Amino acid sequence: MMRVKYVLTEVLTGLWRNVTMTVAMIITMAVSLTMLGAGVLLYWQVNEMETFFNTKVEVSIFLRTDVTEEQRNGLQSDLKADPLVREVNYESSEQAYENFRKLYADAPDLVESVKADTLPQSFRVKLKDPQQFQAVSDKYRARPGIDEIVDQRQLLGKVFGILNSMQNLALVVAIVQGVAALLLVANTIQVAAYSKRREVAVMKLVGASNWFIQAPFVLEAVFAGLIGSLLAFITLVLAKWLLIDGSLKSLASLLTPVPWSRIFLMLPILAGIGSLISAVTGWITLRFYVRV
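Using this note's numbering, you'd call the opening residue of the sequence shown number 5 and step up by one each time.
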């Protein structure tokens with residue numbers, strides 16, 4: 005009990021003695037863990053969005069203006085009977101124009117410049133497996149009456165490319181910040197150990213174990229890691245509350261929601277990573293010092 009009390013007292017004394025470096029260590033750890041948490045959340049979100057939108061994407065088969073009713077009906081029958089196709093919806097020029105008007109209601113000049121007969125008839129086709137687009141395209145491309153076949157995944161691919169780049173950038177920044185945090189943790193422990201070098205030497209002479217000598221320094225680093233992870237978690241909560249559910253709420257139709265359960269899951273993850281990295285860094289740093 006006395007040993008535990010001594011270790012805790014030394015931890016508090018060490019934190020107060022090097023308060024400036026401790027604060028810097030906590031802030032650096034908080035920034036790196038925030039970026040890491042954001043990167044992990046973004047990674048999960050991109051994967052979820054890809055899965056969600058892959059179930060929603062359609063193949064658009066645009067018809068020529070001179071397509072005959074016989075050609076259109078024959079194509080519709082073949083699509084409905086195709087084993088690769090899950091659902092087929094026909095969209096006339098009038099329906100396409102109505103959808104166009106709703107989509108660009110905020111741009112009346114653009115709507116006025118487009119006439120109903122200028123928009124082509126089309127079939128909106130949902131595939132059982134979106135990866136089979138090329139097989140469907142090769143099968144129907146040469147059919148009379150078809151003007152163009154468009155895969156919506158090509159458009160979404162550019163969006164996911166941007167999101168993946170953001171995801172990778174967040175992880176790279178987190179790694180760089182993590183390295184900076186590790187160096188700062190190691191430097192802080194070295195300074196703390198040097199300032200107590202006489203006490204450490206006396207403790208070694210009287211037979212104190214390495215664990216007993218190292219424990220206060222390692223716990224200082226773990227404390228900084230835990231506080232940094234808590235600040236990172238609070239930052240993610242604020243980002244969810246103020247940004248995702250606040251200013252970016254208008255994009256809810258484009259973005260899949262980020263559940264609070266996923267945000268709360270980040271607390272034990274960040275706390276575990278922050279404390280583990282701090283403890284390992286502190287222990288490795290002190291191994292070199294204690295051997296002197």
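We put the beta carbon where it would ideally sit given N, CA and C, even for glycine.
All figures in this text were calculated on a predicted structure; none of them were measured in a lab.
Close Cβ partners of residue i (< 8 Å) along its chain, the five nearest in sequence each way excluded
{"i": "Ser-297", "result": "Only positions 5 to 296 of the chain appear in the structure, and residue 297 is not among them; the question remains open."}
Span of the alpha helix (DSSP H), counted from its first residue to its last, around residue i
{"i": "Asp-155", "result": "Taken as a continuous stretch (DSSP letters only), Asp-155 belongs to no alpha helix (DSSP H), being part of the beta strand (DSSP E) at 150 to 155."}
Range covered by the beta strand (DSSP E) that runs through residue i
{"i": "Leu-123", "result": "It is not in any beta strand (DSSP E) - Leu-123 carries neither H nor E in the DSSP assignment."}
{"i": "Val-92", "result": "89 to 95"}
Cβ-Cβ distance between residue i and residue j below 9 Å
{"i": "Leu-247", "j": "Leu-45", "result": "no"}
{"i": "Leu-297", "j": "Ser-126", "result": "Since the first residue of the chain shown is 5 and the last is 296, residue 297 is not available in this structure."}
{"i": "Met-25", "j": "Asn-168", "result": "no"}
{"i": "Glu-52", "j": "Phe-164", "result": "no"}
{"i": "Tyr-94", "j": "Leu-175", "result": "no"}
{"i": "Met-33", "j": "Ala-178", "result": "no"}
{"i": "Lys-130", "j": "Arg-76", "result": "no"}
As assigned by DSSP and simplified to three states, the class of residue i
{"i": "Ser-64", "result": "strand"}
{"i": "Lys-84", "result": "helix"}
{"i": "Arg-147", "result": "coil"}
{"i": "Lys-130", "result": "strand"}
{"i": "Asp-70", "result": "coil"}
{"i": "Ala-109", "result": "coil"}
{"i": "Pro-220", "result": "helix"}
{"i": "Val-262", "result": "coil"}
{"i": "Ser-141", "result": "helix"}
{"i": "Ser-117", "result": "coil"}
7 Å Cβ shell around residue i - same chain, five flanking residues per side excluded
{"i": "Ala-225", "result": "Val-189, Ile-193, Ser-282, Ala-283, Thr-285, Gly-286"}
{"i": "Val-50", "result": "Phe-164, Leu-167, Asn-168, Gln-171"}
{"i": "Thr-69", "result": "Pro-124"}
Contacts around residue i, its chain only, beta-carbon distance under 6 Å, and the 5 residues preceding and following it disregarded
{"i": "Ser-96", "result": "Gln-125"}
{"i": "Gln-136", "result": "Leu-88"}
{"i": "Arg-266", "result": "none"}
{"i": "Leu-123", "result": "Ser-97, Ala-100, Tyr-101"}
Taking contact to mean at least 3 C-beta pairs separated by less than 8 Å, is the stretch 29 to 39 in contact with the stretch 232 to 239? yes
For the 8 Å Cβ check, are there 3 or more pairs between the stretch 268 to 278 and the stretch 221 to 234? Cβ pair count under 8 Å is three or more, so yes.
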